[in-house]
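Notes follow once the structure below has been shown.
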Amino acid sequence: MQEVEQRLPAVATSPALRRQRWRQRSTWAPVLLLTAAAAALLSLLTHSRLHAQQQRFPVQLNSEEPSDQVESAGAVGALLGAVEGALQPLQEQVASGHVVPKFGERAQAVLSSAMQQAGSAGAEIERTVDAMLQSLFLRQLAIVRQQTAEKVRKEKRLVEAVAQADQLFVAQAEELRRPGSTWSYDQERYALRAILEGGFRRDLALAEERVMAAEAQQSTVEVISKLQAQMENLQQRVQHLRSGSPWFLSSSYRIPGTPVQLIGRYQQGRGSIEVNLSPDRDPANAEAGFTQGVGPANIGINGNLGM
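In structure tokens:
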């Protein structure tokens with residue numbers, strides 16, 4: 120019975136102990152939450168500071184860091200960013216329409232420097248950097264093609280112009296190609312040949328059209344000249360006919376034993392009849408003869424009747 124009484128206070132005090140423990144936990148909970156929040160904030164600030172330092176001081180191609188430092192994806196990205204930064208001046212030069220002198224050798228130097236720091240990510244670094252360099256190579260090929268076409272455009276002979284352009288293009292393209300790479304310039308080479316041949320054909324067609332136009336113009340001038348000559352000749356003939364002696368038909372009849380003489384004329388659409396009173400032309404045959412002298416009977420009188 121006494122043992123039971125001794126246990127009762129312990130059982131009675133159990134809720135009190137629980138409340139006390141709950142109060143202790145409630146007191147420490149905010150402290151723990153504040154501590155966790157402070158730790159998270161400190162971690163975030165540290166990460167931001169490290170990221171800012173990486174942006175401020177990027178990885179250099181000529182650094183002597185060991186190869187095991189580029190094992191992570193972040194280090195590979197930093198290395199590619201450094202390569203892109205090193206190629207930025209070359210990209211600006213190409214964008215302005217200029218060719219980088221000895222680009223093939225410089226491209227090989229950039230790739231070799233990147234491979235020295237690549238470590239186990241060498242294959243990925245090589246493919247990416249080679250693609251970046253090949254893009255610059257192709258852009259410069261287009262510039263070389265245009266410049267070469269302009270140099271030989273004034274050449275009048277097609278075969279010699281194409282051969283000269285091909286020789287110049289291949290020489291410059293070989294200088295741009297990275298040694299030991301699979302870069303090819305065949306497509307731009309064939310494009311240059313097609314441009315030159317098409318330009319020469321177009322110029323030849325234009326020249327032929329000009330010749331044909333000149334011949335047609337000359338033929339037109341000749342036809343017009345002939346027509347003008349024919350018109351002038353016709354005008355001269357008309358003027359000659361107008362200025363020539365007029366033609367006419369004439370007939371006369373003398374009534375026997377009388378001084379009456381009838382004369383008929385037709386001249387260019389006009390007709391006329393004349394009645395003349397005149398003595399005989401032979402004075403010996405006249406009625407009065409010459410001895411009677413000149414009198415009214417032997418004076419001629421003319422009368423015209425126009426029709």
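In case it helps, our numbering puts the sequence shown at residues 120 to 426.
Cβ coordinates follow ideal geometry from the N, Cα and C atoms, glycine included.
Relative to the ligand MN, is the shortest distance from any of its heavy atoms to the C-beta of residue i smaller than 7 Å?
| i | result |
| --- | --- |
| L230 | In terms of ligand content, the structure shown is empty, and the ligand MN therefore cannot be addressed. |
Identify whether residue i lies in helix, strand or coil by the three-state DSSP scheme.
| i | result |
| --- | --- |
| I374 | coil |
| G241 | helix |
| Q336 | helix |
| Q188 | Any reading at Q188 must be qualified, since the residue scores a pLDDT of 45, below 50, and its modelled position is unreliable; no value is offered. |
| S369 | strand |
| G383 | strand |
| N395 | strand |
| R329 | helix |
| R356 | helix |
| G390 | strand |
| V130 | For V130, the predicted model reports a pLDDT of 40, less than 50, meaning its position is unreliable; a value from the coordinates is still stated below. It is helical. |
Closest to residue i by C-alpha separation, out of the options, would be which residue?
| i | options | result |
| --- | --- | --- |
| L287 | R384, Q349, Q265 and T301 | Q265 |
| E294 | Q259, E274 and G318 | Q259 |
| T301 | Q349, D322 and G223 | G223 |
| A310 | A268, A237, Q336 and S254 | A268 |
| V218 | S344, V263, A194 and Y372 | V263 |
| S391 | S370, A237 and T377 | S370 |
| V394 | Y385, Q386 and P378 | P378 |
| L199 | Q235, Q212, V213 and A280 | Q235 |
| A261 | V213, L252 and T247 | V213 |
| L252 | K270, E243, R225 and G241 | R225 |
| Q306 | A292, G299, P298 and R297 | A292 |
| A250 | K273, V278 and L206 | L206 |
Could you spell out where the beta strand (DSSP E) holding residue i opens and where it closes?
| i | result |
| --- | --- |
| G223 | Looking at the DSSP string, G223 is not in any beta strand (DSSP E); the run it does join, the alpha helix (DSSP H), is F222 to Q235. |
| G216 | Premise fails: G216 is in no beta strand (DSSP E) and is neither H nor E. |
field: Length-filtered (4 minimum) alpha helix (DSSP H) runs lying within the region 245-327
entry: 277-295
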